[in-house]
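The structure under discussion appears below in the form of structure tokens.
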Amino acid sequence: MLNMAKEKLLPNIIFFVADEMRGDCVSFGGRRNPVIKTPNIDKLVKDGAAFTNCFTVNPVCGPSRCCTFTGQYVHSNGHRSLYQLLQTHEENLFKFLKDKGYEVVWVGRNDLFGKGAIKQSVTKRLRTKIGAWKTNPYPWVSIVPYRKNYNSVSLFDIFFNLVN
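Per our numbering, residue -6 is the first one in the sequence shown, and the count goes up by one each step.
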């Protein structure tokens, strides 16, 4: 997400933020996955730092990212759902780094910033054209057909095609 610094004295910083990725899905730091090979990530880790003992503060991705990049818990920052994105009045790590001279590049989907906040916090945005993100910026909304209300049991059944 963060690219080359504008000044040579500033170190490069790269954040990899993924959904549904366990720690054993990569092979670095003494961990060896027999199937998945990650030579480029291995090289980055060797020359940099990896945080291997981390925990999420919220089970939902958007609020968790708001916590990570504002330094505040959800009960403090109010970001409790996928639809409560960071706004222009809220400080965040990317805005801070941009103000300190970094070129901040956002690659991929955005489930962190509201409209104005991304312009304040990011120097450049590179959009991807992968799958559902091409036509629907919120594809998770259309996963479950909203014909009726569902409880967790029926969501499970729908996911595993046990009911129509």
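No residue lacks a Cβ here, since even glycine has one placed at the ideal position from N, Cα and C.
**OP:** Could you tell me the distance, in whole angstroms, from the CA atom of Gly109 to the CA atom of Asn46?
**Re:** In the sequence shown, residue 109 corresponds to position 116, counting from 1. In the sequence shown, residue 46 corresponds to position 53, counting from 1. Approximately 33 Å, taken between the alpha carbons.
Original post:
By a C-beta neighbour count over all protein chains shown, 10 Å radius and 16 as the cutoff for buried, is Tyr66 buried or exposed?
Top reply: Against the sequence shown, residue 66 aligns to sequence position 73. That one is exposed.
Original post:
Rounded to a whole number of angstroms, what is the C-alpha to C-alpha distance between Ala11 and Ser20?
Top reply: For this step, residue 11 is matched to residue 18 along the sequence shown. For this step, residue 20 is matched to residue 27 along the sequence shown. Looking at the two C-alpha atoms, the distance is approximately 16 Å.
Original post:
Excluding five sequence neighbours on each side, which residues of the same chain lie with their C-beta closer than 7 Å to the C-beta of Asn103?
Top reply: For the purposes of this step, residue 103 is identified with residue 110 of the sequence shown, where counting begins at 1. Excluding positions up to five away in sequence, the list reads Ile111.
**OP:** Write down the C-beta distance between Ser167 and Val97 rounded to the nearest angstrom, noting that I regard them as a contact closer than 8 Å.
**Re:** Given that the chain is displayed from residue -6 to residue 157, the structure contains no residue 167 and the question cannot be resolved.
**OP:** State the Cα-Cα distance for the pair Val168 and Ala43, rounded to the nearest angstrom.
**Re:** The question about residue 168 has no answer here: the residues shown for the chain are numbered -6 through 157.
Original post:
Are there 16 or more other CB atoms within 10 angstroms of the CB of Gly124, so buried, or fewer, so exposed?
Top reply: Mapped onto the sequence shown, residue 124 falls at position 131. Bear in mind that a pLDDT of 48 at Gly124, under 50, signals an unreliable position, so the model cannot answer this.
Original post:
What three-state label does DSSP hand Lys117 in the structure shown?
Top reply: Counted from its first residue, the sequence shown places residue 117 at position 124. Of the three classes helix, strand and coil, the one that applies to Lys117 here is strand, per DSSP.
Original post:
Using CA coordinates, which residue listed in Leu105, Lys117, Ile34, Thr31 is at the minimum distance from His72?
Top reply: The residue labelled residue 72 in the question sits at position 79 within the sequence shown. Measuring from the Cα of His72, the nearest candidate turns out to be Leu105.
Original post:
Near Ile136, what residues of its chain come up, given a Cβ to Cβ distance below 8 Å and the 5 sequence neighbours on each side ignored?
Top reply: Numbered from its first residue, the sequence shown carries residue 136 at position 143. With a pLDDT of 49 at Ile136, under the threshold of 50, the modelled position of that residue is not reliable, and the figure given next carries that caveat. Around Ile136: no qualifying Cβ.
Original post:
Just to confirm, does Cys54 get its C-beta within under 6 Å of one of the non-hydrogen atoms of the ligand SAH?
Top reply: For the ligand SAH, the structure offers nothing, since it holds no ligand at all.
Original post:
Should Arg58 go down as buried or exposed, given a rule of 16 or more other Cβ atoms within 10 Å for buried?
Top reply: Indexing the sequence shown from 1 puts residue 58 at position 65. Counting the other CB atoms within 10 Å of its CB gives Arg58 a total of 16 or more, which places it among the buried residues.
Subject >> Close beta carbons around Asn85, own chain, < 7 Å, minus the five adjacent residues each side >> reply: As a working mapping, residue 85 is identified with position 92 in the sequence shown. Answer for Asn85: Phe62, Thr63, Leu79, Ser114, listed in chain order.
**OP:** Taking only the alpha-carbon atoms, compute the straight-line gap between Phe48 and Leu2 and give it to the nearest angstrom.
**Re:** Looking up residue 48 in the sequence shown gives position 55. Looking up residue 2 in the sequence shown gives position 9. The alpha-carbon atoms of Phe48 and Leu2 are separated by roughly 31 Å.
Original post:
Quick one: Cα of Lys36 to Cα of Asn26, how far?
Top reply: Position 43 of the sequence shown, counting from 1, holds the residue named residue 36. Position 33 of the sequence shown, counting from 1, holds the residue named residue 26. Spanning the two alpha carbons is a distance of roughly 16 Å.
Subject >> Whole-angstrom C-beta distance between Asn70 and Cys60, which should lie under 8 Å >> reply: In the sequence shown, residue 60 corresponds to position 67, counting from 1. In the sequence shown, residue 70 corresponds to position 77, counting from 1. Contact holds; Cβ gap of about 7 Å.
**OP:** Using the Cα positions of Thr31 and Arg24, report the straight-line distance between them to the nearest angstrom.
**Re:** The sequence position of residue 31 within the sequence shown is 38, counting from 1. The sequence position of residue 24 within the sequence shown is 31, counting from 1. Looking at the two C-alpha atoms, the distance is approximately 11 Å.
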